[in-house]
Amino acid sequence: MPQLSNGVRHFPEYLDRARQEGLVEMIRSIVAEAPLFVPVMPGTGRPMSVRMTNCGPLGWVTDKERGYRYQSTHPVTGMPWPAMPEVLLDIWNDVSGYGKPPQACLINFYSDDAKMGLHQDRDERDLTAPVVSISLGNNCLFRVGGLSRTDRTKSIKLTSGDIVVLGGEGRLCFHGVDRIYPATSTLLKNGGRINLTLRRVDP
DNA sequence: CAGTACCT
DNA sequence: ACAT
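In this text, residue positions in the first sequence follow the numbering used here: the first is 352, and each later residue adds one.
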């Protein structure tokens with residue numbers, strides 16, 4: 352279990368091809384029910400380059416007026432999020448070491464030119480629960496720093512099936528995606544990358 | 001402060 | 001830097 356930095360664990364190719372394909376099929380059905388939306392920055396309303404949706408009791412959303420938050424319904428359809436699939440609960444149980452189940456699975460779609468700036472995941476009330484991140488599709492350059500934005504960072508390439516766990520000391524580490532490497536995976540017919548992020552919100 | 005533009 |  353390689354440790355990128357304190358509390359940040361990387362499990363290369365944790366999911367085999369068959370499991371990855373199963374997840375992609377599962378994601379397609381979730382997206383059919385809960386359409387992708389474009390998140391925007393609070394205040395400015397500037398769009399992010401990823402598209403997202405969620406499954407589970409809670410979903411992470413953001414808009415110009417109310418900013419980052421978790422809510423139980425889709426921001427466009429107003430419908431509850433699709434249920435958390437068993438397979439994600441299983442993965443959480445296998446890698447998180449955390450007793451309570453995840454309440455939110457944020458599904459981020461990265462086109463080949465999408466990025467995610469350095470940030471902390473700190474919208475959850477339970478900051479003792481780890482964050483579990485699953486990579487599918489094209490490779491990406493993932494960057495992890497420390498608790499301060501200006502701390503030194505390390506970059507690693509993530510490939511399809513990789514899992515990263517930010518827990519303990521690493522739970523609030525700044526992290527982001529600097530770039531997607533086009534055509535590095537055959538998992539997604541339309542290219543790009545999907546990232547699933549499992550989180551516990553309530554203590 | 002989960003982005004981008006525009007510097008050197 | 002600008003703006004959050």
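Positions of the beta carbon are idealized from the N, C-alpha and C atoms, including for glycine. Just so you know, these numbers come straight off a predicted model, no measurement behind them.
_Is it buried or exposed, V438, if we count other Cβ atoms within 10 angstroms and call 16 or more buried?_
Exposed: under 16 other Cβ atoms inside 10 Å.
*Considering only C-alpha positions, which residue in the set Q354, D477, T537 is nearest to P453?*
Answer by Cα proximity: D477.
*Nearest to P408 by CA position, among D445, H425, Y419, R397, is which residue?*
Nearest of D445, H425, Y419, R397 to P408, Cα basis: H425.
*Tell me whether the beta-carbon of G298 lies closer than 8 Å to the beta-carbon of I545.*
This structure leaves residue 298 out entirely; the chain is present only between 352 and 554.
*Indicate whether the contact test is met: 3 or more Cβ pairs, each with one atom in the stretch 353–370 and one in the stretch 487–507, closer than 8 Å.*
Counting C-beta pairs closer than 8 Å gives three or more between the stretch 353–370 and the stretch 487–507, which meets the contact rule.
*the stretch 506–514 contacting the stretch 378–395, beta-carbon criterion three pairs below 8 Å*: Under the three-pair Cβ rule at 8 Å, the stretch 506–514 does not count as touching the stretch 378–395.
*asked:* Mapping the DSSP letters down to three states, classify M467 as helix, strand or coil.
replied: Reduced to three states, the DSSP call for M467 is strand.
*Return the CA-CA distance between C456 and V482, expressed in angstroms with no decimal places.*
Rounded to the nearest angstrom, the two C-alpha atoms are 10 Å apart.
*How would you write the range of the alpha helix (DSSP H) that M403 sits in, first residue to last?*
For M403, there is no enclosing alpha helix (DSSP H); the residue is part of the beta strand (DSSP E) that begins and ends at 402–406.
*Does the beta-carbon distance from C491 to R550 come in below 8 Å?*
No, the Cβ-Cβ distance between C491 and R550 is not below 8 Å.
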